[in-house]
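Numbering-wise, numbering that gives the first Met the number 0 puts 45 at position 46 of the sequence shown, and it's gapless, one number per residue. Just so it is clear, CB atoms sit at the ideal spot from N, CA and C, and this is done for glycine as well.
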Amino acid sequence: MRRIAANYIFTVEGAALKNGIVELDDNGKILKVEDTNGKLKESSKLEFYNGIITPGFINTHCHIELSELKDKIPQGKGLPEFINKIFEYRNENTLENNDKAIDLQNSLMRNAGIVAVADISNTNASINVKRSSSIYYHTFCEVAGTKSNPDKIFNSLQELFNEFVNQDLSASIVPHAPYSVSSGLFNRIYEFAEKENSILSIHNQETESENQMFLNKTGTLVDTLEDLGVDLSNYKPAGSNSLESITKLLPRNNNIIFVHNTYSEYEDVRMASEYFKNSYWCLCPLSNLYIENKLPDLNIFKEFSNKVTLGTDSLASNTTLSIMEEMKVISNNSDISFSELLKWATINGAKALKLDNKFGSIKEGKTPGLNLVTDFDFENMCLAEKSKVKVLV
Ligand SMILES: [Zn+2]
């Protein structure tokens with residue numbers, strides 16, 4: 000048994016407790032959360048830390064299988080060029096040390112206080128690491144295809160899905176993005192997801208040209224897709240933003256994580272939040288800056304704050320897989336309070352992944368993991384640039 004205290008315990012679902020104490024069993028399960036009313040009495044068995052304690056972080060968007068692409072793709076070139084580069088690396092198959100890179104990033108994520116990850120996979124490259132990791136992984140087996148053979152494409156993804164599930168790993172089959180999935184393929188994903196009541200995820204409005212494509216078939220994304228051999232001759236633009244155009248192609252009641260939302264407008268988010276019963280909005284600000292040099296309109300999301308989650312995306316478009324570094328960017332570019340931001344980093348992601356019985360807040364009976372954040376700015380009650388995270392439990 001351990002008794003751990005710090006200047007503040009951020010329980011997330013309750014108050015922040017000044018000089019609070021968390022009591023845990025040997026398996027990291029919380030036995031008791033004690034409010035000392037700010038007055039901590041000396042105790043020989045108490046571990047006291049300078050800083051704040053938070054639950055473990057939840058990363059709701061990663062592609063760990065792209066770990067070897069760190070520093071390989073130039074920054075600021077926009078999403079269409081980024082997609083080109085990813086295809087180049089995939090086709091040339093030049094990744095030789097990817098197993099090691101995946102293994103390393105898995106350890107670094109854990110050291111960065113991350114306890115659960117929703118990870119996009121196009122291959123089985125991450126299976127071994129996920130099997131033995133102390134991080135909980137939910138794998139989104141991601142499907143894309145615009146040609147007229149949706150059954151064949153879907154069936155091959157189902158094989159990938161089975162590989163994960165057969166290793167007792169949690170997984171689902173998800174569409175890549177509005178522009179890369181045919182309506183026939185969307186139908187197959189819809190049926191399967193509804194039957195399995197699975198968690199869904201889709202890249203959403205990551206570039207301005209995604210909306211342009213759906214509005215009137217213009218923009219650099221159209222050019223890139225045609226260059227990659229996608230036949231758009233029969234493509235009819237829907238005349239609305241991409242999100243509105245594909246809403247009805249996704250099941251209404253499943254948990255669904257919309258990722259990036261860099262070019263989402265208020266009306267897009269409001270409309271989808273009303274239509275989908277369990278929509279979540281995953282922000283990956285460092286990746287957005289890397290690829291598009293643009294942040295989402297963070298003010299939009301205040302109204303939907305209980306449904307916002309955070310992701311790191313992959314090392315193809317980020318220099319580190321750290322939820323706390325993502326929090327710092329948002330904190331520096333908005334007036335969102337630390338306690339609100341911490342919900343985005345913990346309990347909201349846990350709910351999106353249906354893990355909130357175990358993760359996401361410091362509460363009796365949960366095993367959320369405990370992070371110590373040092374060099375916290377106590378004067379303004381927010382993260383400082385030099386704030387660091389250390390895993391306690
Ligand atoms: Zn992604």
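The bridge partners DSSP lists for P174 are V142.
Counting C-beta atoms within 10 angstroms of its own C-beta, Q74 has fewer than 16 neighbours from the protein chains shown and is therefore classed as exposed. CA-CA distance, V307 to L68, rounds to 27 Å.
By the neighbour-count criterion, in which a residue is buried when 16 or more other Cβ atoms sit within 10 angstroms of its Cβ, S66 is buried. Just measuring C-alpha positions, the residue of K17, P177, K129, T223 sitting nearest G77 is T223. The DSSP assignment places complete beta strand (DSSP E) segments of no fewer than 3 residues inside the segment 220-297 at 254-259, 277-282, in order along the chain. Neighbourhood of ligand 1, defined by CB distance below 7 Å to any of its heavy atoms: H60, H62, I119, H202, V258, D312, S313, in chain order. The DSSP-derived three-state label of A14 is coil. Only exposed fits L227, as fewer than 16 other CB atoms lie within 10 angstroms of its CB. In the three-state reduction of the DSSP assignment, L391 falls in the coil class. Along the length of the segment 348-388, whole beta strand (DSSP E) runs at least 3 residues long occupy 369-373, reported in chain order.
As summarised for the segment 33-114, the continuous beta strand (DSSP E) elements at least 3 residues long and confined to that stretch are 45-54, 56-61, given in chain order. In summary, Y265 is exposed, with fewer than 16 beta-carbon neighbours lying within 10 Å of its beta-carbon over all protein chains present. In the same chain as L341, and ignoring 5 residues on each side of it, the C-beta atoms closer than 8 Å to its own belong to F9, V11, T53, M326, in chain order. The three-state reading of DSSP puts K306 in helix, counting H, G and I together. Here V116 is near N58, since their CB atoms are less than 8 Å apart.
Between the C-alpha atoms of I113 and I134 there is a straight-line separation of about 7 Å. Taking all protein chains shown into account, D312 has 16 or more neighbouring C-beta atoms within 10 Å of its C-beta and is therefore buried. For N210, the uninterrupted alpha helix (DSSP H) segment begins and ends at 207-215.
Remark: fewer than three beta-carbon pairs, one from each stretch, lie closer than 8 Å, so the segment 90-101 and the segment 139-156 are not flagged as touching. Look at the segment 313-341 and you find these whole runs of alpha helix (DSSP H), each 4 residues long or longer: 322-331.
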